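Peer 1:
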Amino acid sequence: MRLTLRIWRQQDRDEPGAMRTYEVEDISPDMSFLEMLDTLNEALILQGEEPVAFDHDCREGICGACGMVINGQAHGPERTTACQLHMRHFADGDTIDIEPWRAAAFPVVRDLVVDRSALDRVIGAGGYITAPTGSAPEAHATPVPKPTADDAFTHAECIGCGACVAACPNGSAMLFTSAKVNHLNALPQGAPERGTRVLDMVGQMDAEGFGGCTLAGECATACPKGIPLPSIAAMNREFLRAVR
Amino acid sequence: MATTATTGTTGTTQTAGSPGAGTAAGQQSPGAQQAPTAKQAQRNQRARPPAPPGGGGFLRTLWGSTIGKKVVMAVSGLVMLAYLVAHMLGNLKVFFGPGEMNGYAHWLRTFGEPVLHYEWFLWVVRVVLLAAVVLHGVSAYQLSRRDIAARPVKYQHKRQRTSYATRTMRWGGIILTLFIVWHLLDLTTGTVNPRGQSGHPYENIVAAFRTWYANVIYIVAMLAVGLHIRHGFWSAAQTLGVTKPGTARVLKATSNVLALVLTLGFLSVPLGVMTGVVN
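Line order of the protein sequences matches chains A and B. Numbered by the numbering used here, the letters in the first sequence go through residues 1 to 244 in order. Numbered by the numbering used here, the letters in the second sequence go through residues 1 to 279 in order.
(1) Does any residue of chain B bring its CB to less than 8 Å from the CB of A:Leu187?
(2) I'd like to know whether the C-beta of B:His157 is nearer than 8 Å to at least one C-beta of chain A.
(3) Does the Cβ of B:Met107 have 16 or more other Cβ atoms within 10 Å, making it buried, or fewer, making it exposed?
(4) At a Cβ cut of 9 Å, what residues of the region 199 to 215 of chain A count as close to chain B, listed as they run along the chain?
(5) Grouping DSSP H, G and I as helix and E and B as strand, with all else coil, what is B:Trp212?
(6) For the region 169 to 235 of chain A, list the alpha helix (DSSP H) runs that are entirely contained and at least 4 residues long, ordered along the chain.
(7) Going by other Cβ atoms of all chains shown within 10 Å of its Cβ, with 16 needed for buried, is B:Phe96 buried or exposed?
(8) Buried or exposed for A:Ala166, going by 16 or more other Cβ atoms inside 10 Å?
(9) B:Gly276: buried (16+ other C-beta within 10 angstroms of its C-beta) or exposed?
(10) Could you tell me which whole alpha helix (DSSP H) segments of length 4 or greater appear in the region 152 to 231 of chain B?
(11) Short of 8 Å Cβ to Cβ, which residues in the region 67 to 100 of chain A face chain B?
(12) List the residues of chain A that B:Thr162 touches, going by C-beta distances under 8 Å, in chain order.
(13) Name the two residues that bound the continuous alpha helix (DSSP H) containing A:Arg121.
(14) Answer with buried or exposed for A:Ile45, where buried requires no fewer than 16 other C-beta atoms within 10 angstroms of its C-beta.
(15) What residue does the alpha helix (DSSP H) around B:Met80 start on, and which one ends it?
(16) Which bits of chain A does B:Arg282 rub up against, with CB to CB less than 7 Å?
(17) Nearest-angstrom Cα distance between B:Ser139 and A:Met36?
(18) Output, in chain order, the set of chain B residues within a Cβ distance shorter than 7 Å of A:Phe239.
(19) Give the secondary structure of A:Ser28 by DSSP, where H, G and I count as helix, E and B as strand, and everything else as coil.
(20) What's the gap between the Cα of A:Ser178 and the Cα of B:Val124?
(21) Which residues of chain A have a Cβ atom closer than 9 Å to the Cβ of B:Met169, listed in chain order?
(22) Nearest by alpha-carbon distance to B:Arg159: which of A:Arg20, A:Pro77 and A:Gly226 is it?
(23) Is any beta-carbon of chain B found at less than 8 Å from that of A:Ala156?
(24) I want to check one thing, is the minimum distance from the CB of B:Asp147 to the heavy atoms of the ligand NAP below 7 Å?
(25) For B:Tyr218, which residues of its own chain have a beta-carbon under 7 Å away from its beta-carbon, when the five flanking residues on both sides are left out?
(26) Using DSSP's beta-bridge definition, name the partner residues of A:His86.
(27) In this structure, how does DSSP classify B:Ile148 when only helix, strand and coil are distinguished?
(28) Taking contact to mean 3 or more Cβ pairs, one atom from each stretch, closer than 8 Å, check whether the region 141 to 148 of chain A and the region 200 to 213 of chain A are in contact.
(29) Would you mind giving the Cβ-Cβ distance between A:Cys164 and A:Cys219, rounded to the nearest angstrom? I have them listed as a contact below 8 Å.
(30) Going by beta carbon distance, what residues of the same chain come within less than 6 Å of B:Thr263, once the five residues before and after it are set aside?
(31) Going by DSSP, name the residue or residues bridged to A:Glu99.
(32) Pop quiz: A:Ile98 and A:Arg6 are said to be a contact at Cβ under 8 Å. What is the actual Cβ separation, rounded to whole angstroms?
(33) Pick helix, strand or coil for B:Tyr141, following the three-state DSSP scheme.
(34) How big is the Cα-Cα spacing for A:Glu157 and A:Met174?
(35) Under the assumption that B:Phe266 contacts B:Leu81 (Cβ atoms under 8 Å), give the Cβ distance between them as a whole number of angstroms.
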């Protein structure tokens, strides 16, 4: 495959960036999107140019490190992470636009790399259970009904990649925060801090400068882990329950 | 208190007398120790929330958060929606002739008498609606500013996002605000109405919809209100936390039916005058 890439290049946080056009050849349809970028970077290094910086780690779709907006869609046209997106979903001769996540709360560090520590601070505000740590407790000590466990697990699948924020027309982190709140609030271990958790995490989310939710539904469409849109309504209910 | 003191003196003086739960728990078996610590943890939790207790704290927490402002928008929107349903049904009186329409308008003013004074019911409704409009508008303005600021750099690759109704909520809201002003000047005060005769709404309605501009304004506004309700009703339900499995489809269907019925119901009046059914 032969492709034309238009990639956002930005030296650092303070420098202005711009889209730059690159041509890549000999791309196999079996390559992942990141392997395609590796191919480009190898060529750039050989030419003595700066390679395109992008975040990546596990490359198997479970860490949430990689993330880029491909042709206006977070993680590209398939409902998966950029590392698990394969070039067979593109056609020979395509022009592909690649941009970083765009949000005031996610400043661009370089090229396609953004600083997502705002999400870490939302977790730090209450996305945990205050309990003595130690060896794992006996599994039968706290019975959890199957539907509750399933619900908690659905939300626990969130890998914090930030695609929801990138896809949202308002740059809102509601889907991310709702996944974290609902995961812990569903379980008996999370119950004692149920109220403070949702208030503190929503407070931090707002303080980070994320937008509000207008129920556009773009987040749930982009989420590679399939966190459902009703998660947001569930968090709204938790919020109302706690604020009363 | 008196009874515990007597049992304390007769029997277990040590445990009943000591207020410190920690020392008492220390002497007990590990199984029983769980109860006081769990309770203590709960007590700590209750003391921790950042919002001060009481009504003021509740409102401050609500207004200070994006979710809370959305709740204000949802509730004020539902109040206005309830009013629109009543308003649309009342409008249909126009198809039963001037006697019935004008009689209905008069009844609205004498409603609740003798407990209420003449027009008081109408003024109560107006005050509630004004409060709803102001709260809805202020929260929409503040949330919109925040949303726009949350993405300072736009994407280069533009793509059609979300449904038409969702995308037009803000402009639709502005159109509706302007329409409400025109509508009050037209059929409440009669300022811009070609006839503008107080107490004769039927004749005023017919006079208004004999002009081309009134028809254009009302048709555009009613399409805008339909689109606004289509996304707004469903959105309000999500904001208020309606999440029962299976309700999503019912809510979306209800939104669509409400939007369609209200738009058609409201549009029937100008269309009735245009076609000569109402004259």
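C-beta: ideal position from N, C-alpha, C; glycine also. A quick note: this is a predicted structure, and the numbers were derived from the prediction, not measured.
Peer 2: Well, looking at it:
(1) Taking the first sequence and counting its residues from 1, one reaches residue 187 of chain A at position 187. Not closer than 8 Å to any Cβ of chain B, the Cβ of A:Leu187 fails to qualify, so no.
(2) Residue 157 of chain B sits at position 157 when you count from the first residue of the second sequence. It does; some Cβ of chain A falls within 8 Å.
(3) In the second sequence, counting from the first residue as 1, residue 107 of chain B sits at position 107. First, the residue type needs correcting, since residue 107 of chain B is Trp and not Met in the sequence shown. Label assigned to B:Trp107: exposed.
(4) Contact annotation: in the region 199 to 215 of chain A, residues whose CB is within less than 9 Å of a CB in chain B are Leu199, Asp200, Val202, Gly203, Met205, Asp206, Gly209, Phe210, Gly211, Gly212, Cys213, Thr214 and Leu215.
(5) Locating residue 212 of chain B in the second sequence gives position 212, counting from the first residue. Of the three classes helix, strand and coil, the one that applies to B:Trp212 here is helix, per DSSP.
(6) The region 169 to 235 of chain A contains, as complete alpha helix (DSSP H) runs of 4+ residues, the segments 174 to 186, 194 to 207 and 218 to 222 (chain order).
(7) As a position in the second sequence, residue 96 of chain B is number 96, starting the count at 1. With fewer than 16 other beta carbons inside 10 angstroms of its own, B:Phe96 counts as exposed.
(8) Sequence index remark: in the first sequence, residue 166 of chain A carries index 166 (1-based). A:Ala166 comes out buried.
(9) For this step, residue 276 of chain B is matched to residue 276 along the second sequence. Flag for B:Gly276 reads exposed.
(10) The qualifying runs are 164 to 167, 169 to 187 and 201 to 208.
(11) Listed in sequence order: Val69, Asn71, Gly72, Gln73, Asp97 and Glu99.
(12) Indexing the second sequence from 1 puts residue 162 of chain B at position 162. What B:Thr162 touches in chain A: Pro169, Ala216, Gly217 and Glu218.
(13) Locating residue 121 of chain A in the first sequence gives position 121, where the first residue counts as 1. Here the alpha helix (DSSP H) through A:Arg121 covers Ser117 to Gly124.
(14) Translated into positions along the first sequence, residue 45 of chain A becomes position 45. Classification of A:Ile45: exposed, given that the 10 Å Cβ count is below 16.
(15) In the second sequence, residue 80 of chain B corresponds to position 80, counting from 1. Thr66 to Asn91 is the span of the alpha helix (DSSP H), which, as asked, contains B:Met80.
(16) Residue 282 of chain B lies beyond the stretch modelled for chain B, which goes from 1 to 279, so this question has no answer here.
(17) For the purposes of this step, residue 139 of chain B is taken as the residue at position 139 of the second sequence. For the purposes of this step, residue 36 of chain A is taken as the residue at position 36 of the first sequence. As the crow flies, the alpha-carbon of B:Ser139 is around 46 Å from that of A:Met36.
(18) Translated into positions along the first sequence, residue 239 of chain A becomes position 239. Going along chain B in sequence order, the residues near A:Phe239 (Cβ under 7 Å) are Ile67.
(19) Working through the first sequence from its first residue, we reach residue 28 of chain A at position 28. Secondary structure at A:Ser28: coil, using DSSP grouped into helix, strand and coil.
(20) Within the first sequence, residue 178 of chain A is the residue found at index 178, counting from 1. Within the second sequence, residue 124 of chain B is the residue found at index 124, counting from 1. Rounded to whole angstroms, A:Ser178 to B:Val124 spans 39 Å at the Cα level.
(21) Counting from 1 along the second sequence, the entry for residue 169 of chain B is found at position 169. Taking a Cβ-Cβ cut-off of 9 Å, the neighbours of B:Met169 in chain A comprise Thr214, given in sequence order.
(22) Against the second sequence, residue 159 of chain B aligns to sequence position 159. Of A:Arg20, A:Pro77 and A:Gly226, the residue nearest in Cα terms is A:Pro77.
(23) Looking up residue 156 of chain A in the first sequence gives position 156. Taking Cβ atoms only, chain B never reaches closer than 8 Å to A:Ala156, which makes this a no.
(24) This structure simply doesn't include the ligand NAP, nor any ligand for that matter.
(25) As a first step, residue 218 of chain B must be located in the second sequence, where it is residue number 218. Taken in chain order, the residues that qualify are Pro270.
(26) Sequence index remark: in the first sequence, residue 86 of chain A carries index 86 (1-based). According to DSSP, which records beta bridges pairwise, A:His86 is partnered with A:Ser32.
(27) Position 148 of the second sequence, counted from the start, is the residue given in the question as residue 148 of chain B. In the three-state reduction of the DSSP assignment, B:Ile148 falls in the helix class, which pools H, G and I.
(28) No, they do not touch.
(29) As a first step, residue 164 of chain A is located in the first sequence; it is residue number 164 there, counting from the start. As a first step, residue 219 of chain A is located in the first sequence; it is residue number 219 there, counting from the start. A:Cys164 to A:Cys219, Cβ: 4 Å. Contact.
(30) Translated into the one-based positions of the second sequence, residue 263 of chain B becomes position 263. For B:Thr263, where only same-chain residues beyond five positions count, the Cβ hits under 6 Å are Met222 and Gly226.
(31) As a working mapping, residue 99 of chain A is identified with position 99 in the first sequence. Its beta-bridge partners are A:Val69.
(32) Stepping through the first sequence from its first residue, residue 98 of chain A is reached at position 98. Stepping through the first sequence from its first residue, residue 6 of chain A is reached at position 6. With 8 Å as the limit, A:Ile98 and A:Arg6 qualify as a contact, their Cβ atoms being about 7 Å apart.
(33) The residue given as residue 141 of chain B occupies position 141 in the second sequence. If DSSP states are grouped into helix, strand and coil, B:Tyr141 belongs with the helices.
(34) Walking along the first sequence from the start, residue 157 of chain A turns up at place 157. Walking along the first sequence from the start, residue 174 of chain A turns up at place 174. Answer to the nearest angstrom: the Cα atoms are 15 Å apart.
(35) Working through the second sequence from its first residue, we reach residue 266 of chain B at position 266. Working through the second sequence from its first residue, we reach residue 81 of chain B at position 81. Between B:Phe266 and B:Leu81 the beta-carbon gap is near 13 Å, outside 8 Å, which marks them as no contact.
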